[in-house]
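Student:
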Amino acid sequence: MQAPVDANAVRAWLLTLQSSIVSGLEGLDGQPFLTDQWERPGGGGGLSRVIENGGVLERGGVLFSHVTGPALPPTASAQRPALAGRPFEAMGVSLVLHPRSPYIPTVHLNVRFFVAYPGAGSADAPVWWFGGGMDLTPYYGFDEDATHFHQQCQAALAPFGPDFHPRFKRWCDEYFFLKHRNEPRGVGGVFFDDFSELGFEQSFALTRSVGERFLPAWLPIAQRRRDHAWGERERDFQCYRRGRYVEFNLVFDRGTLFGLQSGGRTESILCSMPPVVNWRYNWQPEPDTPEARLYSHFLQARDWV
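Per the numbering used here, the sequence shown starts with residue 712, numbered consecutively.
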């Protein structure tokens, strides 16, 4: 007999995860995150933890949301069209960190849980699923950083079987890809969605394992690179490459689109955007430079572990 779905347990873990991540990041940065609790007129609300102009983080958001609504928006039912229009409950923690140093990579984590309830008068059972993952977006890459990040992703999934890491790694490479640029957003990580195949208890355990691996995956990289000297050239390239992050989030990202389509809090949804960014017309890096190496070496799908 399968364990019953326990949305309250998921919510409690998500809030604990948010608190532990913020604590770890405050230890790195040296400055506190502000706390902003909000309510959503359509049902539910959230807790946004945000830092701007910190010692290490130019902007960072670690965001908890728990929203309900009368009908799943298109981004949530795209893979399950039979569920379109059902009442729903969605909760998750999402973070994006934009460090000031061009040598510390931008990083993203998301862990989430959805329940689609049967409509009035229906005898159907609720349908639930988990999703999430984390991915790394360097500007000046280092092989040891990419390898470490992917090793931690692999370790998070290893207890659940040998097939999950290669499958979720490939899914990440395919998902975080800018089709209009024909290039990856970064060096990848892991990504999964619409996931319920292990039953509630083990699917929840897998999601917890991914979320709780975030700090071990990213903090050592930030600590290694935080004192690396940089100047105007590196900053200019960082701001240019940040534009790719904006393009992906606004054009492709299901989480951003779900938040906006479901009437989420715009200020929290868009705090994932970098604070300073620029675009140039038809720009290409000079050959045999560190900037060119980002394209030729790091923005290529490969097995890092």
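Beta carbons are placed, not taken as given, at the ideal position from N, Cα and C, and that holds for glycine.
What is the residue span of the beta strand (DSSP E) that Glu769 lies within?
Tutor: Leu768 to Gly780 is the span of the beta strand (DSSP E), which, as asked, contains Glu769.
Student: Taking only the alpha-carbon atoms, compute the straight-line gap between Glu763 and Arg935 and give it to the nearest angstrom.
Tutor: The straight-line gap from Cα to Cα measures roughly 21 angstroms.
Student: Report the rounded CA-to-CA distance for Asp854 versus Gly738, giving the unit in angstroms.
Tutor: The straight-line gap from Cα to Cα measures roughly 25 angstroms.
Student: Candidates Thr918, Leu868 and Val818: which alpha carbon is nearest Leu930's?
Tutor: It is Val818.
Student: Hey, quick one: how far does the alpha helix (DSSP H) through Trp929 stretch, first residue to last?
Tutor: Trp929 -> alpha helix (DSSP H) spans Phe925 to Arg936.
Student: Can you tell me whether Val716 is helix, strand or coil according to DSSP?
Tutor: Val716 falls in the coil class under three-state DSSP.
Student: Among the residues of its own chain, which have a CB less than 6 angstroms from the CB of Ala857, if the five just before and after it don't count?
Tutor: Counting only Cβ-Cβ distances below 6 angstroms, and skipping sequence neighbours, we find Val898 and Trp1015.
Student: How would you call Asn719, buried or exposed, if buried means at least 16 neighbouring beta carbons within 10 angstroms?
Tutor: Exposed is the call here.
Student: Compare the beta carbon distance of Phe775 and Ala801 with 8 angstroms and say whether it is the shorter of the two.
Tutor: No. Outside cutoff.
Student: Report the option in Val901, Val962 and Phe799 whose CA atom is closest to the CA atom of Phe860.
Tutor: With distances taken between Cα atoms, Phe860 lies closest to Val901.
Student: Can you tell me whether Pro743 is helix, strand or coil according to DSSP?
Tutor: Pro743: coil per DSSP, three-state reduction.
Student: So, do the stretch 938–952 and the stretch 835–842 have three or more beta carbon pairs nearer to each other than 8 angstroms?
Tutor: Flag = no, the stretch 938–952 and the stretch 835–842 do not touch.
Student: Does the structure place the stretch 947–964 close enough to the stretch 863–882 that three or more beta carbon pairs sit under 8 angstroms?
Tutor: No: the two stretches stay apart, fewer than three of their Cβ pairs being nearer than 8 angstroms.
Student: Counting only runs of 4+ residues fully inside the stretch 823–911, write out the alpha helix (DSSP H) ranges in chain order.
Tutor: Runs of the alpha helix (DSSP H) inside the stretch 823–911: 854–868 and 875–886.
Student: How about Ala1012 and Pro810: do their beta carbons lie closer than 8 angstroms?
Tutor: No, Cβ-Cβ distance for Ala1012 and Pro810 is not below 8 angstroms.
Student: Between the stretch 879–894 and the stretch 982–1001, do three or more beta carbon pairs fall short of 8 angstroms?
Tutor: No contact exists between the stretch 879–894 and the stretch 982–1001.
Student: Starting from Ala801, follow its DSSP beta bridges and name the residues at the other end.
Tutor: In DSSP, Ala801 forms a bridge with Val778 and Phe825.
Student: Who are the near neighbours of Pro829 in its chain, counting only those whose CB is closer than 6 angstroms to its CB and skipping five residues on each side?
Tutor: Hits under 6 angstroms: Asp835.
Student: For Pro810, write down the residues that DSSP places opposite it in a beta bridge.
Tutor: Pro810 pairs with Leu768.
Student: In three-state DSSP terms, what is Leu1005?
Tutor: Correct three-state label for Leu1005: helix.
Student: Which term fits His891, buried or exposed, when burial requires 16 or more other beta carbons within 10 angstroms of its beta carbon?
Tutor: Exposed: under 16 other Cβ atoms inside 10 Å.
Student: Give me whichever residues DSSP pairs with Trp941 in a beta bridge.
Tutor: DSSP, once it has assigned bridges, lists no residue as partnering Trp941.
Student: If the criterion is Cβ atoms closer than 8 angstroms, does the pair Val733 and Arg770 meet it?
Tutor: Cβ atoms of Val733 and Arg770: not closer than 8 angstroms.
Student: Suppose you measure from the CA of Gln790 to the CA of Asp904; what does that come to, to the nearest Å?
Tutor: Cα-Cα distance, rounded: 9 angstroms.
Student: Secondary structure at Val733, three-state DSSP: helix, strand or coil?
Tutor: Of the three classes helix, strand and coil, the one that applies to Val733 here is helix, per DSSP.
Student: Measuring CB to CB, does Leu794 end up less than 8 angstroms from Pro816?
Tutor: Going by C-beta atoms, Leu794 is not nearer than 8 angstroms to Pro816.
Student: Strictly by DSSP, which residues pair up with Ile762?
Tutor: Looking at the DSSP assignment, Ile762 forms a beta bridge with Gly771.
Student: How many whole angstroms separate the CB atoms of Val778 and Gly755, which I take to be in contact at a CB cut-off of 8 angstroms?
Tutor: Yes, they are in contact, since the Cβ atoms of Val778 and Gly755 sit about 4 angstroms apart, within 8 angstroms.
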